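Participant:
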Amino acid sequence: MNAYLSPERSAFHLKPVKCAGSNRQKLTDYVVQIASNSLLPVDVIVKELVGWPARNASSDATRRPFASGQHLALANAHGETAKYWVERLNDLTGRTDLGALTLLPFASVLRDPFGLVGRARRWCPVCLQDDLLANRDIYERLIWSIRLVEWCPAHDVPLTNVCPECQYRHSTEACRRSISGCCAHCHQWLGMEMLRYRRFLGRCSRKCSRERWIASEFASLLDVPDTSLHKISQESVALMIESGIVRVAGGNARRFASICEKSASSLSEWRGGLVIPSIQAVFDMCERFQIHLTDWLCAHSDAWPHSLERREHAVEYTPRRTACLERDWFSIERKLRTMVNSNRCQLSWEQTARKLDIDPSQLHAKFPELARKISGKARERRARDRADRIEARRTMLLRHLKNVIRRMITSGINPSRRCVEAELTKLGVEYRWADYPLIAQARHEVERDM
1 MNAYLSPERS AFHLKPVKCA GSNRQKLTDY VVQIASNSLL PVDVIVKELV
51 GWPARNASSD ATRRPFASGQ HLALANAHGE TAKYWVERLN DLTGRTDLGA
101 LTLLPFASVL RDPFGLVGRA RRWCPVCLQD DLLANRDIYE RLIWSIRLVE
151 WCPAHDVPLT NVCPECQYRH STEACRRSIS GCCAHCHQWL GMEMLRYRRF
201 LGRCSRKCSR ERWIASEFAS LLDVPDTSLH KISQESVALM IESGIVRVAG
251 GNARRFASIC EKSASSLSEW RGGLVIPSIQ AVFDMCERFQ IHLTDWLCAH
301 SDAWPHSLER REHAVEYTPR RTACLERDWF SIERKLRTMV NSNRCQLSWE
351 QTARKLDIDP SQLHAKFPEL ARKISGKARE RRARDRADRI EARRTMLLRH
401 LKNVIRRMIT SGINPSRRCV EAELTKLGVE YRWADYPLIA QARHEVERDM
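Just so we're aligned, residue 1 is where the sequence shown starts under full-length UniProt numbering, counting upward by one.
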């Protein structure tokens with residue numbers, strides 16, 4: 001008789017309510033719905049079937065997802081936890097599109113997932129009530145998990161994490177007995193009609209224009225179609241910054257950083273691709289220049305204003321227009337190459353540009369390779385000088401230690417660390433805790449010579 005092998009089948013067959021757009025379902029709510037449809041508690045699904053990644057394979061403490069301090073909302077973000085959950089749930093459900101229920105499609109332009117998603121469970125009661133009245137599936141949106149989003153872009157009301165019935169404050173993304181759209185404490189319905197919710201909120205005294213704008217920008221980002229996701233990348237962010245430096249600051253990176261109220265060093269790291277700017281920093285720059293978030297992340301350079309409004313000065317002021325000056329670039333390049341090949345050149349790149357009376361950013365854009373070599377030589381010189389200073393201080397300190405220990409041994413005093421340190425203080429010699437190993441070395445050398 002022939003032996004037949006049964007093919008592997010997915011354990012669950014549940015289609016997400018919505019996999020695209022700003023109203024897409026979040027992954028943790030999808031797990032809650034799997035548990036509800038299977039008549040199983042959420043913690044059983046999470047711990048027994050999905051699993052919770054541990055930082056240390058030998059430690060079992062980090063495998064408890066509902067323990068105090070765990071961050072279940074990371075499953076909705078773009079880090080390792082989200083990748084782990086998507087892989088496990090794809091195997092359980094036989095699907096391949098569950099990554100769309102997280103922020104993984106936008107991972108190339110997002111930084112630390114811990115700061116991107118909030119720990120608390122939040123929702124828009126009006127959205128839930130609309131789903132109920134329209135006889136649609138009840139589910140919770142991914143955009144509600146994003147920490148910066150405090151406003152519902154669909155109904156123009158703030159999100160909440162307080163149950164209207166029992167006033168329970170939901171401080172975690174999910175609990176052991178979660179139900180979509182219901183309170184984790186009293187299991188009452190969380191949805192409310194618009195008028196009732198506004199009465200529940202009372203009078204809102206704080207300004208909320210920025211929160212509304214951030215919510216609408218995140219909604220537009222989530223609405224980006226899959227065919228355009230390839231445009232969103234770290235290279236696009238760096239390209240947008242370069243375009244801004246040219247369009248807004250005339251090629252002057254330091255002036256652009258000042259306009260954006262960011263440090264020049266941070267801007268340099270963003271331009272070089274060493275660090276991705278945080279989404280908060282991108283929002284600050286988008287707000288300052290009235291640029292949409294999707295235009296920034298997709299490198300739509302036409303979104304930049306051509307020039308900023310001129311600032312009024314109390315005295316007559318004529319700005320330098322270094323970018324428009326006619327320069328002998330051939331002669332400048334020859335001078336730079338001479339500096340590179342000379343061992344006597346000890347200037348940093350900024351000092352070199354100042355010596356040539358050129359903006360460092362403009363000179364860097366013209367000769368990036370020479371800038372790298374001159375900056376490298378300056379770093380090597382600083383490293384050598386630092387090593388020489390450390391060695392000179394060590395030699396001086398060792399000499400003082402030997403003299404002090406020799407006098408103490410001759411006088412019959414035990415050269416303990418505290419006694420030696422007290423003698424050095426009397427001599428006015430600066431002493432740090434990192435210098436303590438020198439005491440043993442000095443004592444060994446003194447005893448050997450005696």
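Glycine residues also receive a C-beta, built at the ideal position from the N, C-alpha and C atoms.
Computed from a predicted structure; not experimentally measured.
Just mark V44 as buried or exposed, buried being the case when its beta carbon has 16 or more other beta carbons within 10 Å.
Facilitator: Label assigned to V44: exposed.
Participant: Quick one: residues in its chain with C-beta nearer than 7 Å to the C-beta of I214, no 5 flanking neighbours on either side, listed in chain order?
Facilitator: Around I214: L148, V149 and F283.
Participant: List, from N- to C-terminal side, the alpha helix (DSSP H) runs of 4 residues or more that fit wholly inside the stretch 207 to 233.
Facilitator: You should have 209 to 222.
Participant: Nearest to R432 by alpha carbon, out of I179, W151 and R417?
Facilitator: The option with the nearest alpha carbon to R432 is R417.
Participant: Run through the DSSP bridge pairs and tell me what P158 is partnered with.
Facilitator: Answer by DSSP bridge pairing, in chain order: W151.
Participant: Give the C-beta separation of L222 and G21 to the nearest angstrom, bearing in mind that I take them to be a contact with Cβ-Cβ under 8 Å.
Facilitator: That belief holds up - the Cβ atoms of L222 and G21 are roughly 6 Å apart, short of 8 Å.
Participant: What's the C-alpha gap between P158 and L27?
Facilitator: Distance between the alpha carbons of P158 and L27 is about 22 Å.
Participant: Counting only the same chain and skipping the five closest in sequence on each side, list residues whose C-beta sits under 7 Å from that of N90.
Facilitator: Same-chain partners within the cutoff: T96 and L98.
Participant: If we ignore side chains and look at the alpha-carbon of each, how far apart do I143 and D156 end up?
Facilitator: In a straight line, the C-alpha of I143 is about 14 Å away from that of D156.
Participant: Determine the DSSP secondary structure at Y317, reduced to helix, strand or coil.
Facilitator: Interpretation of Y317 is limited by its pLDDT of 42, a score under 50 that renders its predicted location unreliable; the figure taken from the coordinates is listed afterwards. Coil, per DSSP.
Participant: Since Q33 and S180 should fall inside the 8 Å C-beta cutoff, what is the C-beta to C-beta distance between them, to a whole number of angstroms?
Facilitator: Contact holds; Cβ gap of about 6 Å.
Participant: How is the alpha helix (DSSP H) around W85 delimited, first residue to last?
Facilitator: It spans E80 to T93 - the alpha helix (DSSP H) in which W85 sits, taken as one unbroken run.
Participant: Quick check on this structure: which residue in R399, F106 and E48 has the alpha carbon closest to the alpha carbon of D226?
Facilitator: D226 has its Cα closest to that of F106, out of R399, F106 and E48.
Participant: Considering only C-alpha positions, which residue in the set A219, L347 and R448 is nearest to R372?
Facilitator: For R372, the nearest C-alpha among the options comes from L347.
Participant: Tell me where the alpha helix (DSSP H) around T425 begins and ends.
Facilitator: Run containing T425: R417 to L427, per the alpha helix (DSSP H) assignment.
Participant: Indicate whether the contact test is met: 3 or more Cβ pairs, each with one atom in the stretch 360 to 379 and one in the stretch 249 to 258, closer than 8 Å.
Facilitator: Because the criterion of three Cβ pairs below 8 Å is met, the stretch 360 to 379 and the stretch 249 to 258 touch.
Participant: In whole angstroms, give me the CA-to-CA distance for C182 and P164.
Facilitator: Looking at the two C-alpha atoms, the distance is approximately 11 Å.
Participant: Is there contact between the stretch 229 to 240 and the stretch 296 to 303, where contact requires at least three CB pairs shorter than 8 Å?
Facilitator: Yes, the stretch 229 to 240 touches the stretch 296 to 303.
Participant: Could you pull out every residue in the same chain whose Cβ sits closer than 8 Å to the Cβ of R327, ignoring the five residues on either side in sequence?
Facilitator: Once the five neighbours on either side are set aside, the close Cβ partners of R327 are I358.
Participant: Just how far apart, CA to CA, sit I245 and N37?
Facilitator: Their Cα atoms are separated by approximately 54 Å.
Participant: Is the separation between the beta-carbon of A77 and that of L116 shorter than 9 Å?
Facilitator: Cβ distance < 9 Å, so A77 and L116 count as in contact.
Participant: Using a Cβ-Cβ cut-off of 6 Å (strictly less than) and excluding sequence neighbours within five positions of R141, which residues of its own chain qualify?
Facilitator: N23.
Participant: If we count the other Cβ atoms within 10 Å of its Cβ and call it buried at 16 or more, is R247 buried or exposed?
Facilitator: Answer is buried; the Cβ neighbour count reaches 16.
Participant: Nearest-angstrom Cα distance between K71 and I138?
Facilitator: According to the sequence displayed, residue 71 carries His and not Lys. Using only the alpha carbons, I get a separation of about 24 Å.
Participant: Between which two residues does the alpha helix (DSSP H) holding S180 run?
Facilitator: No alpha helix (DSSP H) holds S180; DSSP gives it neither H nor E.
Participant: Hey, could you find the ends of the alpha helix (DSSP H) M396 is sitting in?
Facilitator: Its alpha helix (DSSP H) spans residues P368 to T410.
Participant: Which residue or residues does DSSP assign as beta-bridge partners of R169?
Facilitator: DSSP, once it has assigned bridges, lists V162 as partnering R169.
Participant: DSSP on Q25, reduced to helix/strand/coil?
Facilitator: Looking at Q25 - three-state DSSP - the assignment turns out to be strand.
Participant: By how many angstroms is the C-alpha of N341 removed from the C-alpha of R393?
Facilitator: Looking at the two C-alpha atoms, the distance is approximately 32 Å.
Participant: Could you check what DSSP says for R288 in three-state terms: helix, strand or coil?
Facilitator: Residue state, collapsed to three classes: helix.
Participant: Just checking my contact of R288 with I241 at CB under 8 Å: how many whole Å lie between their CB atoms?
Facilitator: At roughly 13 Å, the Cβ-Cβ gap does not stay under 8 Å, so R288 and I241 are not in contact.
Participant: Identify, in the order they occur along the chain, each residue of the same chain with its Cβ nearer than 7 Å to the Cβ of K18, setting aside the five sequence neighbours on each side.
Facilitator: So the qualifying residues of the chain are R24 and Q25.
Participant: Alpha carbon to alpha carbon, what distance is there between E421 and F218?
Facilitator: Near 60 Å, if we compare the C-alpha coordinates of E421 and F218.
Participant: Which of the three DSSP states, helix, strand or coil, is assigned to W189?
Facilitator: Residue state, collapsed to three classes: strand.
Participant: Please report how far the alpha carbon of V46 lies from the alpha carbon of L14, in whole angstroms.
Facilitator: Roughly 16 Å separates the two Cα atoms.
Participant: What number of angstroms, rounded off, separates the C-alpha of R121 from the C-alpha of A73?
Facilitator: Approximately 8 Å between the Cα atoms of the pair.
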